[in-house]
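As numbered in my numbering, residues 58 to 484 make up the sequence shown, in order.
Quick reminder that beta carbons are idealized off the backbone N, C-alpha and C, glycines included.
Let me begin by presenting the structure, written as structure tokens, before commenting on it.
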Amino acid sequence: MKEIFKQLIVDSQQREFGDIVQRDYQIPLDTKKIVSLIGIRRSGKTWLLYDLIKKLRERIPPQNIVYINFEDDRLYPISLKDLDALVQAYYELYPDKRDEKVYFFLDEIQTITGWERFVRRLYDTLNIQLFITGSSSKLLAGEIATALRGRTITYEVFPFSFAEYLRYRNIEINLYASKSQSYIKNAFATYLVEGGFAEIFDEPPDLKRRILQDYLDLIIYRDIVERYRIKNHTLLKHLIKYLFVNIGTLVSFTKLYNDYKSMGYRVSKETLLEYVGYLEEAYAIFSVPIFRNSVKEEQRHPKKIYAIDNGFKSLFDAFLSQDYSKLYENLAFLHLRRQTSQIYYFKGKQEVDLYASLQHKILLNVSYQIDDSRTLQREIEGLMEGMEWFGLDRSYLITADEERIIEKDGRTIEIKPMWKWLLEGVE
58 MKEIFKQLIV DSQQREFGDI VQRDYQIPLD TKKIVSLIGI RRSGKTWLLY
108 DLIKKLRERI PPQNIVYINF EDDRLYPISL KDLDALVQAY YELYPDKRDE
158 KVYFFLDEIQ TITGWERFVR RLYDTLNIQL FITGSSSKLL AGEIATALRG
208 RTITYEVFPF SFAEYLRYRN IEINLYASKS QSYIKNAFAT YLVEGGFAEI
258 FDEPPDLKRR ILQDYLDLII YRDIVERYRI KNHTLLKHLI KYLFVNIGTL
308 VSFTKLYNDY KSMGYRVSKE TLLEYVGYLE EAYAIFSVPI FRNSVKEEQR
358 HPKKIYAIDN GFKSLFDAFL SQDYSKLYEN LAFLHLRRQT SQIYYFKGKQ
408 EVDLYASLQH KILLNVSYQI DDSRTLQREI EGLMEGMEWF GLDRSYLITA
458 DEERIIEKDG RTIEIKPMWK WLLEGVE
């Protein structure tokens, strides 16, 4: 194993990375903490590591940098007892580096049971700046929260945001220039349906679909079926399809359990909830509770389900033209989720799609079209009720194209196009 590590170390130090699209993450190169990147597979965690390595090479020798991908087949099978060979291999290659600070980038290290013990030892005993990645929120909520408490700073990595997508396409973000707006709107029409996984951006339509399906299969089988030894593959696949088709919809798991029972599935409600939990751990879906003053109250109500990427919905739903509002709402959720995990929906006499507490509280409804006066009235009434409940004087109604301000009873509702709302503050 030591000789394999030596080969991987030298190979990574000789690799040239070329141009890398800048993502909107401010990740420190030097900190007293272990830097952890977590997020769904293929969201760009590895390329963020490459970008950090590229920046480091501008000021330190490449020999001070180690990158290892623990899903490399040359390391299979690898266990906790093999990890010390990595340290031995490095210092045998470069014995003089024991007196210098070095940088270890450990990609997908969560595949090794007990990995956190190795990382903690390196952090506590050697002059090593550590960067680790993983594809499960359990990396954050479980191992890191217990074994590495106080030692880490964690960043969640998502597929490309709309602003990052425009950067990839070299489209100028100027919200006041007509030409720029034309390019932005054209790009938004594609991004809305196809999503933000960078690998599909330049591929033909049939290949884009295949790549997204491969991503989903990888999540299902490696992150869920293998890890949790799921036997009921048919139920899991049906559940995934149901959740992706119904993004932005209230889901009662009690009703869903009864529906599956009536279809002949042998499943308990606890198993169904476990499967949903596994999908959340893999960052495939998110569940959003109603806003209430107690957790017990929240649990009594249905949750809204959102997907990590709009592209996954297109795998199962051939009638997207009838469901743009849900794609819009999912983008709005993801825009907020990149900034906070504290997101809710509100329901009084009317429902408000999303409420989040950022630097300031934000309340918004999403409606693809508000041409119908009854639709507009319903959206306004919901926001007015929500603003009164939360003590806010401003809220948002996100639409396809309309932009104006409604003043009512001393409160303001800003109606904005989705593409513009996603880019505000980005210029």
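- Linking V282 to L296 through their CA atoms gives a straight-line distance of about 14 Å.
- Using a C-beta cut-off of 8 Å, the segment 141-158 makes contact with the segment 60-73, since at least three inter-stretch Cβ pairs fall below that distance.
- When beta bridges are read from the DSSP output, E408 appears opposite K404.
- Secondary structure of V78 (DSSP, three-state): coil.
- Here F369 is actually not in contact with F403; their C-beta atoms are around 26 Å apart, not less than 8 Å.
- In the DSSP assignment, I342 falls within the unbroken beta strand (DSSP E) covering 342-345.
- With fewer than 16 neighbouring CB atoms inside 10 Å of its own CB, A234 falls in the exposed class.
- Residue state for F188 is assigned as strand, using DSSP reduced to three classes.
- When C-beta atoms of the segment 355-365 are compared with those of the segment 334-343, three or more pairs fall below 8 Å, so the two segments count as touching.
- Residue environment analysis places N387 among the buried positions, since at least 16 neighbouring C-beta atoms fall within 10 angstroms of its C-beta.
- For the options Y299, V123, N367, the alpha carbon positioned closest to that of F162 is the one of V123.
- Within the model, the alpha-carbon separation for K242 versus Q426 is close to 16 Å.
- Distance from V78 to E221 at the Cβ level is roughly 7 Å; contact confirmed, criterion being Cβ atoms closer than 8 Å.
- When DSSP states are grouped into helix, strand and coil, E464 belongs to the strand group.
- When secondary structure is reduced to three states using DSSP, K361 falls in the strand class.
- Distance between S136 and T170, taken at the CA atoms: about 7 Å.
- Taking the Cα positions, P346 is about 45 Å away from R114.
- Contact check between the segment 406-423 and the segment 431-448: three or more CB pairs, one atom from each, fall below 8 Å, which counts as touching.
- By the 16-neighbour rule on beta-carbons within 10 angstroms, K112 is exposed.
- Closest in alpha carbon position to V159, among L205, N422, R131, D87, is D87.
- Each residue's CA atom was taken as its position, placing S351 and E337 some 22 Å apart.
- Beta-bridge pairing by DSSP links E213 to I95.
- Setting aside the 5 residues that flank it on each side, F74 is surrounded in the same chain by Y107, K111, each with a C-beta closer than 6 Å to its C-beta; the list follows chain order.
- Scanning its chain for C-beta atoms nearer than 8 Å, with the 5 sequence neighbours on each side dropped, one finds around E157 the residues N121, N184, in chain order.
- Contact between G101 and A255 holds: CB atoms are separated by about 6 Å, below the 8 Å threshold.
- CA-CA distance, E355 to S309, rounds to 12 Å.
- When L313, R72, P261, T397 are compared, the shortest CA-CA separation from I419 is found for T397.
- A direct Cα-Cα distance of roughly 7 Å separates G191 from I166.
- Put simply, the backbone Cα of Y385 is about 22 Å away from that of Y272.
- Relative to the Cα of G334, the nearest Cα in the group I277, R461, Y322, W476 belongs to I277.
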